[in-house]
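The structure appears below as structure tokens.
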Amino acid sequence: DMDKAASRIAEAIIAKEKVAIFGDYDVDGAASSALLKRFLAHFSVPSEIYIPDRIFEGYGPNPEAMRDLISRGAKLIVTVDCGTNSATSIDAAKQAGADVVVLDHHQVGGPLPVANAVVNPNREDDLSGQGHLCAAGVVFLCLVQTAKILRSRLSEAAPPDLLSLLDLVALATVCDVVPLTGVNRAFVVKGLQVARQQRSEGLAALSRVSRIGEPISTFHLAYLIGPRINAG
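Here it is, written out as structure tokens:
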């Protein structure tokens, strides 16, 4: 469903529709949410990140939160690092008038939700061989496809430098403890180069708080920066 997901996100960007990003409270979920929001902000598209309360709401979309996002103007809800096993909540969102795109990597536990697109390399019918990706990796690849569509349909506004977003992908890849093979290794190698340039205000601030006085490495991501995000 990658093409479907990218097309719907591109449509939202062109129409300047409000997009709600429903994330998860771990590093992968937070990084995935920030990744998509930074991409949308480049085009001045209104967006809102929603991270559920881990104690009172638990993991993944819930019908009440989805309806609340729609009541605040969301025309498209993109779930990142969640949504694959949230058919009831996605049905509620669809019935309330919003479109839903799922960008996830978790194992499928039942029938897929009836969303506009469900992008998950661990779907039983997925033949990409990319089941080792974390959610941020899935989001990044979807944004690559979205940028390709926008280049042909939105000539007056060039997409952002996608490589500049790889610091977040590297952070999520390391902290979600997925195998550092294939594209994951490439994400981390390039992402560390970006992180060392401190383009992201958030990562730069976390580096200062963590008293990292040397070039950022996978150790710093895994044991100093990641735990601070998880603690939030």
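All you need for this note's numbering is the position in the sequence shown, starting with 1, plus 30.
Beta carbons: idealized from backbone N, C-alpha and C, even for Gly.
These figures come from a predicted structure and were not determined experimentally.
Exercise. Do the CB positions of Ala128 and Ala166 come within less than 8 Å of each other?
Worked result: Residue 128 sits at position 98 when you count from the first residue of the sequence shown. Residue 166 sits at position 136 when you count from the first residue of the sequence shown. No, they are not a contact pair.
For this session: Helix, strand or coil for Ala261, going by three-state DSSP, please let me know.
Result: For the purposes of this step, residue 261 is taken as the residue at position 231 of the sequence shown. Residue state, collapsed to three classes: helix.
Exercise. How many angstroms separate the CA atom of Cys112 from the CA atom of Glu244?
Worked result: Residue mapping note: residue 112 aligns to position 82 of the sequence shown, counting from 1. Residue mapping note: residue 244 aligns to position 214 of the sequence shown, counting from 1. If you take the alpha carbons of Cys112 and Glu244, they lie about 34 Å apart.
For this session: Closer than 8 Å by C-beta to Gln228: which residues in its own chain qualify, once you throw out the five before and the five after it? Chain order, please.
Result: The sequence position of residue 228 within the sequence shown is 198, counting from 1. The answer, listed in chain order, is Ala234, Ser237.
For this session: With a threshold of 16 other CB atoms inside 10 Å of the CB of Asp191, please say whether the residue is buried or exposed.
Result: Sequence index remark: in the sequence shown, residue 191 carries index 161 (1-based). Here Asp191 is exposed, its C-beta having fewer than 16 other C-beta atoms within 10 Å.
For this session: Give the range of the beta strand (DSSP E) segment to which Leu106 is assigned.
Result: Counting from 1 along the sequence shown, the entry for residue 106 is found at position 76. Taken as a continuous stretch (DSSP letters only), the beta strand (DSSP E) holding Leu106 covers 106-110.
Exercise. What residue range is occupied by the uninterrupted beta strand (DSSP E) comprising Val148?
Worked result: Taking the first residue of the sequence shown as 1, we reach residue 148 at position 118. Here the beta strand (DSSP E) through Val148 covers 147-149.
Exercise. Hey, would you say Phe52 sits closer than 8 Å to Pro93, going by beta carbons?
Worked result: Translated into positions along the sequence shown, residue 52 becomes position 22. Translated into positions along the sequence shown, residue 93 becomes position 63. No.
Problem set entry | Nearest-angstrom Cβ-Cβ length linking Thr211 and His162, presumed shorter than 8 Å | Walking along the sequence shown from the start, residue 211 turns up at place 181. Walking along the sequence shown from the start, residue 162 turns up at place 132. At roughly 7 Å, the Cβ-Cβ gap stays under 8 Å, so Thr211 and His162 are in contact.
For this session: Give the secondary structure of Ala126 by DSSP, where H, G and I count as helix, E and B as strand, and everything else as coil.
Result: Working through the sequence shown from its first residue, we reach residue 126 at position 96. Reduced to three states, the DSSP call for Ala126 is coil.
For this session: To the nearest angstrom, report how far apart Met96 and Lys67 are at their CA atoms.
Result: Walking along the sequence shown from the start, residue 96 turns up at place 66. Walking along the sequence shown from the start, residue 67 turns up at place 37. Distance between the alpha carbons of Met96 and Lys67 is about 18 Å.
Exercise. According to the Cβ coordinates, are Asn152 and Gln137 closer than 8 Å?
Worked result: Locating residue 152 in the sequence shown gives position 122, counting from the first residue. Locating residue 137 in the sequence shown gives position 107, counting from the first residue. Closer than 8 Å, so yes.
Problem set entry | Continuous alpha helix (DSSP H) stretch holding Phe73: start and end | Translated into positions along the sequence shown, residue 73 becomes position 43. From DSSP, Phe73 is part of no alpha helix (DSSP H); its letter is neither H nor E.
Problem set entry | Coil, strand or helix - Ala50 by DSSP | Translated into the one-based positions of the sequence shown, residue 50 becomes position 20. DSSP places Ala50 in strand when its eight states are reduced to three.
For this session: Only counting runs of 4 or more residues, tell me where the alpha helix (DSSP H) segments fall wholly within the segment 207-249, in order along the chain.
Result: 213-226, 231-239
Problem set entry | Range covered by the alpha helix (DSSP H) that runs through Phe86 | In the sequence shown, residue 86 corresponds to position 56, counting from 1. Neither: Phe86 is in no alpha helix (DSSP H) and is coded neither H nor E.
For this session: Tell me Glu78's beta-bridge partners as DSSP assigns them.
Result: On the sequence shown, position 48 is the one that residue 78 refers to. Paired residue(s): Ala50.
Problem set entry | Cβ separation of Thr114 and Asn150, assumed to be a contact under 8 Å, to the nearest whole Å | To locate residue 114, count along the sequence shown from 1; it is residue 84. To locate residue 150, count along the sequence shown from 1; it is residue 120. Their Cβ separation, rounded to whole angstroms, is 5 Å, which keeps Thr114 and Asn150 in contact under 8 Å.
Exercise. In terms of alpha-carbon separation, which member of Gly262, Ala117, Asp206, Ile44 lies closest to Ser74?
Worked result: Position 44 of the sequence shown, counting from 1, holds the residue named residue 74. For Ser74, the nearest C-alpha among the options comes from Ile44.
Exercise. Are Ile313 and Ser37 close, meaning C-beta to C-beta below 8 Å?
Worked result: Lying before the first or after the last residue shown, residue 313 is absent from the chain, which here runs from 31 to 262.
Exercise. Cα separation between Arg183 and Ile120?
Worked result: Taking the first residue of the sequence shown as position 1, residue 183 is located at position 153. Taking the first residue of the sequence shown as position 1, residue 120 is located at position 90. Each residue's Cα considered, the two are about 29 Å apart.
For this session: Kindly give me the distance between the Cβ atoms of Ala147 and Val131, rounded to whole angstroms, as I take these residues to be in contact under 8 Å.
Result: Taking the first residue of the sequence shown as position 1, residue 147 is located at position 117. Taking the first residue of the sequence shown as position 1, residue 131 is located at position 101. Val131 and Ala147 do touch by the CB rule: their CB atoms are close to 5 Å apart, below 8 Å.
For this session: Figure out for me which residue from Leu196, Pro82, Glu231, Tyr80 has the closest Cα to the Cα of Phe170.
Result: Position 140 of the sequence shown, counting from 1, holds the residue named residue 170. In terms of Cα proximity to Phe170, the closest of Leu196, Pro82, Glu231, Tyr80 is Leu196.
For this session: Grab the span of the alpha helix (DSSP H) containing Gly167 for me, first residue to last.
Result: In the sequence shown, the residue the question calls residue 167 occupies position 137. Note, Gly167: alpha helix (DSSP H), 165-183.
Exercise. Grouping DSSP H, G and I as helix and E and B as strand, with all else coil, what is Val12?
Worked result: With the chain represented from 31 up to 262, any question about residue 12 goes unanswered, as that position is not in the structure.
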